[in-house]
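K.L.:
Handing you a structure now.
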Amino acid sequence: MGESKSDVLQGTLDLMVLKTLESMGPLHGYGIARRIEQVSNNGLSLNQGTIYPALLRLEQRGWVKAEWGTSETGRRAKFYSLSRIGRKQIEEETENWERIAATMARFLTPSD
Amino acid sequence: MDRIRTLLSRCAALFGRHKLDDDLDEELHSHIDFAVEENIKRGMTGEQARTAALREFGGVAQVRESYRTQRGLPFLEVLAQDMRYASRQLRNSPGFTLTAILTLALGIGANTAIFTLIHGILLRSLPVADPSRLYRVGDKDDCCYYNTFQNDDGDFDLYAYDFYLQLKQSTPEFEQLTAVQAGGGGFSVRYGTAAARPMRSEYIAGNYFATLGVSAYRGRLLNDSDDMPAASSALVLSYQSWQTDFAGDPAVVGSTVYVQMHPFTVAGVAPPGFFGDRVIANPPDFWMPLAAEPLIEGANSSLNQVDEDWLYLLGRVRPGVSPGTLQARLSLALQQWLRTRPAYTDHGGAALIARQHVVLAPAGGGIQRLQQQTRAGLRLLLILSAAVLLIACANIASLLVARYTARRSDVAVRIALGAARSRLIRQILTESVLLSLIGGAAGLAVAYAGSHMMLALAFPHAKNMPVEASPSLEVLGFACLVSLLTGVVFGSAPAWLSSQAQPADALRGVNRSTGDRSSVPQRGLVILQLALSVVLLAGAFLMTKSLANLEHQDFGLATANRYVLQFDPKGVGYTLDRLPALYHEIEDRFSALPGVANVSLARYIPLGGNQWGSCVIPQGRPAPGPKDDCFAVWDRASTRFLDSIGVPILRGRNFTPEDTAASQPVVIVNQAFARHFFPNQDPVGKHFGVGLPQYSRTFEIAGVFADFKMTDPRRDVRPLFFRPLAQQFTGYKELDADGSEKASMYVNFVILNFIQAPPDADTLARKTLATIDPNLSVVRFSSYDSEVAGNFNQDRLIARLASLFGALALGLAAVGLYGVMSYLVARRTAEIGIRMSLGATRHSVVMMVLGGAFWQIAIGLVLGVPIALLAGHSMASLLYGVSGYDPFALVAAISVLGLCAATAGLIPARRAASIDPVQALRTE
């Protein structure tokens, strides 16, 4: 019944969050979670709550900053944005991920 | 980098955790609200929207928990939680907590106090540059002047100035080699118009401070140019003396002070904390160059006597030099030097030279004299105090076990509900460590008071002693470590028990029992306490008996109602020709005081700690060889000396006023002298001399007095003779012999023998001396009893502490046994009730309970006695007149412990017998 969903690979969530913040600018936790769901076309089995430990991890590393603010609908929420270090880190993490993906692809594509 | 940032952020999160929790809650709330809002927009009802939002979120509680674990440092947070729980537990039972803390404070405090002394005396390094490269040539504690072979095994540790100069020239292995006087002495020092004050000093070689690597606090220190025969005299003050004796006056540096009436320039002040080359109770107040020694000592100087061994040698070894090779070279140099000295080669001495050697000993901790004297005692005290702490541990452990058992159903329920055993164990250990840390903190106060008292008892005449009672960093570390260890040790018993707890017990009403096995650990702990108590008590009895033997032995002299006044006529400039008049006046004035029976004068007093000896050669005998024991202690004393200390003449006569400078030189000798030098002969009328055969008819023995202890109260009486005040022998041809004969004319002590000692003896004596000559100051005034007691300061300290530790051990063990027995009786109330309702008599109940106590006592004694015997054997070197296996001590220890333990067991036994069966059966 329905389409099958993939589990989120260890470490990929961090990069998803970073990329989301890069493209969307400052965003609250719910917004980030929804955006990830949308981009993945609901193809990930992601408990929205798991976003928070990931955000904390990024905040502890100094890659993202958090600030209380008010949403468009007037609701108080904590807004996350990329820090200078975080911006630099995206490049590195992206390269990293692409290398892994390329390696995986070589395994998966039958060679001649 | 990321890790460090993460760690810092985690640390920061330890603070304000409540605010961070609120923050998280608010964030999660707003998340759900956003989701609900959006779901409603999509057309769900409020209820549906909420359910869907929560489902999409996942478990809120799990997210919160994993978020919090990641945010802070969970280990520390759990620790803090355990701490809070533990302190709540402790607060809830103030009686137990207070008892435990008090016990621990005494146990840890005693150990820390003794460690303070061990650290201050045995483990300390000299406060000098790179102490690890300092070595002493010699390792014994011989002192202060020798002119013959020093130890039977050929070990040398005192050296002549001549040998020092040679060694300094010929041993490039030493960066610097310096010499310091072995003994050190008291001098009268005058500055400005103030009266002369007694101060202590050591003669040192010019390179002494350079060798140690010490620089001046003010002015400059002594150097080689000060240590030249022609140099103008200079001295260096210790910082402590500069502060206390000269009020820290900067003007002292560069000005002139008078030492024994000789002018010296104060070159400078040594740095604070520098106390010389060894830890002693009275470190030097100032240092003088060796070159000044002939100036002060006159013809009696040791510096110019080639064979006089009176210096310790201390050197800084070059890096890379092997101490073993250097030691062999030094021994060789010593033998070569000895072969050139007739004093050592004559009369068969040459054969012994091959055996003479030196030992090169590390001297980073200074010259180890006090250390050698106190090491055995301090080690014993540390062992005793450790045993006390172990008993305290066992005691608290059994209290904790009892508490734990009372909480057993609680623990079982917690395990049944899923609490991890490791967490329970951690909680119990946290509680015990917290307890022991508080005990340790309180113990620091006990330690400070304790080490203060111990120092005062062991070194009552200390001035500027470089050992302090206040805890140093190392002592604090020691106390902390011991506390932690203690906590883990006594906490491990209840922790182990809790790891055995069965959740099913909770359902089975574990609080009711018969003679079950659950009390095994407690019984074991009580047995341990009893066994250790036997050891401590036996040790206490041994030391106390030994002290009593020392103090109450028959010294052979009377000290009650006698006072000793020490003064220094030489230091204030009395010349030989003025002495007879001074002595007469002192005798007359003091004799005229009310209630005085006898007044006498002596150069050294019996059991006063100092002595002077010579090699005795009876008339008509050959010169003694190196193996012949010709040594006799001698002293100069006034006519009424024997009367003043209550010693009878046994043969011949005492001194009389007719023994003058013009009459035949006479001596009186003790029985040991007569036995040793004139066996089976009547010594009266015989002649002898000292030093060389040509003087062997100098003195005529006028009488023999009864033996009394003159020097070491632990040793048998040795040959001793007295010479009268008035007779100076003027026939010595050698300058040094003549010099020391002249020096012997100066007496230093007045003995006042009262019929009934007046309360103001001290002021009376000082006033009287001042009326004779205001320049003469009293160096020391004390009762003869306290003077004698001063010989046993260390023994007394050890005996008192051993008794204190023994009493503590006894008390703790008795309380421990009592606790366990009453606890068992309380737990067996129902069982005893049943027994009694079935017809058991009160007597049989008492016997049943006492029987349990009896077995513990018996096993404790059986285990303790062999350990006590072993301990007694190891402390034999500290005992006097009592063997390490003394049956009295053992029997006394066993009886006292048995009695106390039986009493401690009887009280709960009687309580058991008074149980009302009906009541007992109703108890739950």
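Sequence order for the protein chains is A and B. So for the first sequence, my numbering puts the first residue at 1; every next one is plus one. So for the second sequence, my numbering puts the first residue at 113; every next one is plus one. Every residue gets a Cβ at the ideal spot worked out from N, C-alpha and C, and that includes glycine.
Taking C-beta pairs closer than 7 Å, name the residues in chain B that L56 of chain A reaches, listed in chain order.
P.N.:
Within the first sequence, residue 56 of chain A is the residue found at index 56, counting from 1. Result: Y179, Q182, R183.
K.L.:
Go ahead and pull the three-state DSSP assignment for L975 of chain B.
P.N.:
In the second sequence, the residue the question calls residue 975 of chain B occupies position 863. Helix.
K.L.:
Which one of B:I503, B:Q723, B:Y370, B:G385 has the shortest CA to CA distance from S350 of chain B?
P.N.:
In the second sequence, counting from the first residue as 1, residue 350 of chain B sits at position 238. Out of B:I503, B:Q723, B:Y370, B:G385, B:G385 has the C-alpha closest to the C-alpha of S350 of chain B.
K.L.:
Using the Cα positions of Q723 of chain B and E853 of chain B, report the straight-line distance between them to the nearest angstrom.
P.N.:
The residue given as residue 723 of chain B occupies position 611 in the second sequence. The residue given as residue 853 of chain B occupies position 741 in the second sequence. When rounded, the distance between both Cα atoms is 15 Å.
K.L.:
Near D339 of chain B, which residues of its chain fall below 7 Å by C-beta distance, leaving aside the five closest residues on each side in sequence?
P.N.:
Indexing the second sequence from 1 puts residue 339 of chain B at position 227. Hits under 7 Å: A317, G318, P401, L402, A403.
K.L.:
Taking C-beta to C-beta, are K798 of chain B and I780 of chain B nearer than 7 Å?
P.N.:
Taking the second sequence and counting its residues from 1, the one referred to as residue 798 of chain B is at position 686. Taking the second sequence and counting its residues from 1, the one referred to as residue 780 of chain B is at position 668. No, they are not a contact pair.
K.L.:
G1010 of chain B to I969 of chain B, Cα distance in whole Å?
P.N.:
Stepping through the second sequence from its first residue, residue 1010 of chain B is reached at position 898. Stepping through the second sequence from its first residue, residue 969 of chain B is reached at position 857. Each residue's alpha carbon lies about 7 Å from the other.
K.L.:
Name, please, each residue of chain A whose Cβ falls closer than 7 Å to the Cβ of S121 of chain B.
P.N.:
As a working mapping, residue 121 of chain B is identified with position 9 in the second sequence. By Cβ distance, chain A contributes Q60.
K.L.:
Distance check for L888 of chain B and S808 of chain B, CA to CA, integer angstroms please.
P.N.:
Counting from one through the second sequence, the residue named residue 808 of chain B turns up at place 696. Counting from one through the second sequence, the residue named residue 888 of chain B turns up at place 776. Their Cα atoms are separated by approximately 37 Å.
K.L.:
Beta carbons nearer than 8 Å to chain B: which residues of the stretch 60-92 of chain A have them?
P.N.:
From the stretch 60-92 of chain A, only Q60, R61, G62, S71, T73, R75, R76, A77, K78 have a Cβ closer than 8 Å to chain B.
K.L.:
By the 10 Å Cβ neighbour count, where 16 or more other Cβ atoms means buried, how is V470 of chain B classified, buried or exposed?
P.N.:
Position 358 of the second sequence, counting from 1, holds the residue named residue 470 of chain B. With 16 or more other Cβ atoms within 10 Å, it is buried.
K.L.:
Using 8 Å as the Cβ pair cut-off and three pairs as the minimum, do the stretch 567-580 of chain B and the stretch 509-527 of chain B touch?
P.N.:
Cβ pair count under 8 Å is below three, so no.
K.L.:
Quick one: give me the first and last residue of the alpha helix (DSSP H) that P777 of chain B is part of.
P.N.:
On the second sequence, residue 777 of chain B is found 665 positions in, with the first residue counted as 1. Note, P777 of chain B: premise wrong, no alpha helix (DSSP H); not H, not E.
K.L.:
By the criterion of Cβ-Cβ separation under 8 Å, what are the contact partners of R117 of chain B in chain A?
P.N.:
Counting from one through the second sequence, the residue named residue 117 of chain B turns up at place 5. Those within 8 Å of R117 of chain B in chain A are Q60, R61, G62.
K.L.:
Cutting at 8 Å between CB atoms, please list the residues of its own chain near D794 of chain B, excluding the five before and the five after it.
P.N.:
Against the second sequence, residue 794 of chain B aligns to sequence position 682. Counting only Cβ-Cβ distances below 8 Å, and skipping sequence neighbours, we find R763.
K.L.:
I'd like to confirm the pairing. Which residues does DSSP put opposite Q293 of chain B in its beta bridges?
P.N.:
Start at 1 with the first residue of the second sequence, and residue 293 of chain B comes out as number 181. Paired residues: B:L423.
K.L.:
In chain A, which residues lie with their C-beta within 7 Å of the C-beta of F169 of chain B?
P.N.:
Residue 169 of chain B sits at position 57 when you count from the first residue of the second sequence. Under the 7 Å cutoff, chain A gives N47, Q48, G49.
K.L.:
Using 8 Å as the cut-off, can you tell me whether the stretch 526-537 of chain B makes contact with the stretch 205-222 of chain B, which would need three or more C-beta pairs spanning the two stretches below that distance?
P.N.:
Judged by Cβ distances under 8 Å, the stretch 526-537 of chain B makes no contact with the stretch 205-222 of chain B, as fewer than three pairs qualify.
K.L.:
Compute the distance between the beta-carbons of I226 of chain B and L494 of chain B, then report whether it is under 7 Å.
P.N.:
By one-based count along the second sequence, residue 226 of chain B stands at place 114. By one-based count along the second sequence, residue 494 of chain B stands at place 382. Contact: yes.
K.L.:
Measuring CB to CB, does A1014 of chain B end up less than 7 Å from V958 of chain B?
P.N.:
Sequence index remark: in the second sequence, residue 1014 of chain B carries index 902 (1-based). Sequence index remark: in the second sequence, residue 958 of chain B carries index 846 (1-based). No, these two residues do not count as a Cβ contact at 7 Å.
K.L.:
Taking Cβ positions only, does P53 of chain A come closer than 7 Å to chain B?
P.N.:
In the first sequence, counting from the first residue as 1, residue 53 of chain A sits at position 53. Taking Cβ atoms only, chain B reaches closer than 7 Å to P53 of chain A, which makes this a yes.
K.L.:
Smallest Cα separation from V1054 of chain B: which of B:Y675, B:Q731, B:G366?
P.N.:
Nothing in the structure corresponds to residue 1054 of chain B, since chain B is present only between 113 and 1036.
K.L.:
Would a check of beta-carbon distances place G627 of chain B closer than 7 Å to chain A?
P.N.:
Indexing the second sequence from 1 puts residue 627 of chain B at position 515. Caution is warranted here: a pLDDT of 45 is assigned to G627 of chain B, below 50, making its placement in the model unreliable, and the coordinate value is therefore given only provisionally. So no, G627 of chain B is outside the interface.
K.L.:
Taking Cβ to Cβ, would you say A670 of chain B is nearer than 7 Å to I757 of chain B?
P.N.:
Within the second sequence, the letter at position 558 stands for residue 670 of chain B. Within the second sequence, the letter at position 645 stands for residue 757 of chain B. Yes, they are a contact pair.
K.L.:
Does the beta carbon of V175 of chain B come closer than 7 Å to any beta carbon on chain A?
P.N.:
Reading the second sequence from its first residue, position 63 is the one you call residue 175 of chain B. Yes, contact with chain A.
K.L.:
Closer than 7 Å, CB to CB, is H130 of chain B near chain A or not?
P.N.:
Looking up residue 130 of chain B in the second sequence gives position 18. False, the Cβ-Cβ gap to chain A never drops below 7 Å.
K.L.:
Answer yes or no: do V429 of chain B and R245 of chain B have a C-beta to C-beta separation smaller than 7 Å?
P.N.:
The sequence position of residue 429 of chain B within the second sequence is 317, counting from 1. The sequence position of residue 245 of chain B within the second sequence is 133, counting from 1. A contact, by the Cβ cut-off of 7 Å.
K.L.:
What does a CB cutoff of less than 7 Å around P474 of chain B pick up in its chain, not counting 5 residues either side in sequence?
P.N.:
Counting from one through the second sequence, the residue named residue 474 of chain B turns up at place 362. Y247, listed in sequence order.
K.L.:
Just to confirm the assignment: which complete alpha helix (DSSP H) runs, minimum length 4, are found wholly within the stretch 738-813 of chain B?
P.N.:
List check, alpha helix (DSSP H) in window: 753-756, 783-789.
K.L.:
Alpha carbon to alpha carbon, how far is T598 of chain B from I946 of chain B? Give it in angstroms, no decimals.
P.N.:
As a position in the second sequence, residue 946 of chain B is number 834, starting the count at 1. As a position in the second sequence, residue 598 of chain B is number 486, starting the count at 1. Each residue's alpha carbon lies about 41 Å from the other.
K.L.:
Applying the 10 Å Cβ sphere with the 16-neighbour rule, what's the burial state of T810 of chain B?
P.N.:
The residue labelled residue 810 of chain B in the question sits at position 698 within the second sequence. The residue is buried, with at least 16 neighbouring Cβ atoms inside 10 Å.
K.L.:
Say whether the stretch 81-90 of chain A touches the stretch 13-26 of chain A, bearing in mind that this needs 3 or more beta-carbon pairs closer than 8 Å, one atom from each stretch.
P.N.:
With a cut-off of 8 Å, the stretch 13-26 of chain A and the stretch 81-90 of chain A count as touching, because enough Cβ pairs lie within range.
K.L.:
Identify the contact partners of G29 of chain A in chain B, using a Cβ-Cβ distance below 7 Å as the criterion.
P.N.:
Locating residue 29 of chain A in the first sequence gives position 29, where the first residue counts as 1. Those are E139, H143, listed as they occur along chain B.
K.L.:
The beta strand (DSSP E) that contains V708 of chain B, what's its start and end?
P.N.:
For this step, residue 708 of chain B is matched to residue 596 along the second sequence. Per DSSP, V708 of chain B belongs to the beta strand (DSSP E) from 708-714.
K.L.:
If we cut at 7 Å on Cβ distances, does F127 of chain B have a partner in chain A?
P.N.:
As a working note, residue 127 of chain B is residue 15 in the second sequence. Output row for F127 of chain B: interface = no.
K.L.:
Label I100 of chain A either buried or exposed according to how many other C-beta atoms from any shown protein chain fall within 10 Å of its C-beta, with 16 as the threshold for buried.
P.N.:
Here residue 100 of chain A is taken as the residue at index 100 of the first sequence, counted from 1. I100 of chain A comes out exposed.
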